[in-house]
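Following: one structure in structure tokens, then a few remarks.
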Amino acid sequence: DAGITQSPRHKVTETGTPVTLRCHQTENHRYMYWYRQDPGHGLRLIHYSYGVKDTDKGEVSDGYSVSRSKTEDFLLTLESATSSQTSVYFCAISESTADNEQFFGPGTRLTVL
Amino acid sequence: GENVEQHPSTLSVQEGDSAVIKCTYSDSASNYFPWYKQELGKGPQLIIDIRSNVGEKKDQRIAVTLNKTAKHFSLHITETQPEDSAVYFCAASIDFNKFYFGSGTKLNVKP
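One line per chain: the protein sequences are F and E, in this order.
The working numbering puts the first sequence at residues 115 to 227.
The working numbering puts the second sequence at residues 10 to 120.
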């Protein structure tokens with residue numbers, strides 16, 4: 115998985131609790147992305163980062179925030195988890211937009227009860 | 010934003026046959042079209058991509074065609090093998106950062 119790890123790999127939490135997912139890369143790639151994957155929807159971009167402390171919203175950013183204080187780490191936070199945020203979350207990285215290829219991590223399965 | 014539709018949702022073929030998956034997109038400004046393969050329990054992996062200035066691209070048993078006028082692109086897999094069984098996703102991108110994915114096609118190659 116191109117030097118990408120995600121933690122935790124599985125998490126069960128309750129509605130209203132905060133949750134933070136971590137993506138860690140060892141490739142020193144500039145761009146990092148968070149997606150969610152749901153049946154019938156493919157993958158949808160939540161947020162992405164184009165450098166340390168530089169982030170932007172994706173297609174489904176409501177209810178999520180991100181932070182990137184180091185090149186290698188990109189955190190996704192659900193401030194107050196809801197059942198609609200039950201999903202599989204994937205992190206991806208790319209070296210540059212010109213290169214285009216995004217390498218995906220193994221995913222985190224999050225269940226919000 | 011961009012809307013990508015993918016068909017069929019499931020596809021079953023006999024080993025050795027060809028498989029074709031089709032996608033349409035809505036925004037004529039899209040200029041990059043990757044295809045990803047996802048095996049069970051893993052993240053998607055890029056298998057082939059095409060840019061808007063090219064009509065067709067091949068890589069061994071895999072090919073992608075793009076029709077910009079009709080706004081559709083297709084993945085062709087020839088001589089399918091059981092290890093080709095997976096979920097395949099198409100995507101379209103306008104600015105190379107925001108990818109819009111199709112809903113996926115589950116390909117089953119029967120031995």
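By construction, the Cβ of each residue, glycine as well, lies at the ideal position given by its N, Cα and C atoms.
Note that the structure is a prediction, hence the values are computed from the model and not measured.
| Query | Result |
| --- | --- |
| For F/Gly130, which of F/Leu224, F/Phe218 and F/Ala195 has the nearest alpha-carbon? | F/Ala195 |
| Within its chain, find whatever has a CB closer than 6 Å to the CB of E/Gln23; leave out the 5 residues flanking it on each side and keep chain order. | Lys119 |
| With distances taken Cα to Cα, identify the nearest neighbour of F/Cys199 among F/Arg158, F/His138, F/Cys137 and F/Arg144. | Going by the sequence as given, residue 199 of chain F is Gln instead of Cys. When each option's Cα is compared against that of F/Gln199, the closest is F/Arg158. |
| Under a three-way DSSP split, which group does E/Asp93 fall into? | helix |
| Is it the case that the CB of F/Gly172 approaches a heavy atom of the ligand GDP more closely than 8 Å? | The ligand GDP is not among the ligands present in this structure, which contains no ligands whatsoever. |
| Just verifying my parser: in three-state terms, what is the DSSP assignment at F/Gln120? | strand |
| Below 8 Å on the Cβ atoms is my guess for E/Thr87 versus E/Ser27; work out the distance and round it to an integer in Å. | 5 Å |
| Buried or exposed for E/Leu116, going by 16 or more other Cβ atoms inside 10 Å? | buried |
| Quick one: list the residues of chain F neighbouring E/Ser112, beta-carbon separation under 9 Å, in chain order. | Pro153, Gly154, His155 and Gly156 |
| What does E/Pro53 reach in chain F if we use C-beta pairs closer than 8 Å? | Leu157, Phe204 and Phe218 |
| So with Cβ pairs under 9 Å, would you call F/Ile118 a contact of chain E? | yes |
| What three-state label does DSSP hand E/Ser39 in the structure shown? | coil |
| On the three-state DSSP scale, how would you describe E/Ser27? | coil |
| Which residues, in chain order, does the region 54 to 79 of chain E contribute to contact with chain F at a C-beta distance below 8 Å? | Gln54, Leu55 and Asp58 |
| Ordered along the chain, which non-local residues of its own chain (more than five positions away) have a Cβ less than 8 Å from that of E/Ala100? | Val13, Phe42, Pro43, Trp44, Tyr45, Phe108, Tyr109, Phe110 and Gly111 |
| Consider the Cβ of E/Gly25: report whether some Cβ of chain F lies at a distance smaller than 9 Å. | no |
| Could you have a look at E/Ser112 and say whether DSSP puts it in helix, strand or coil? | coil |
| On the DSSP letters alone, give me the boundaries of the beta strand (DSSP E) that F/Thr222 sits inside. | Thr222 to Val226 |
| Count the other CB atoms within 10 Å of the CB of E/Leu75; is the residue buried (16 or more) or exposed (fewer)? | buried |
| Name, please, each residue of chain E whose Cβ falls closer than 7 Å to the Cβ of F/Glu215. | Leu55 |
| If contact is defined by three or more beta carbon pairs under 8 Å, each pair taking one atom from either stretch, is the region 65 to 81 of chain E in contact with the region 164 to 182 of chain F? | no |
| In chain E, what lies closer than 9 Å to F/Tyr162 by C-beta? | Asn106 and Lys107 |
| Which of the three DSSP states, helix, strand or coil, is assigned to F/Ser197? | helix |
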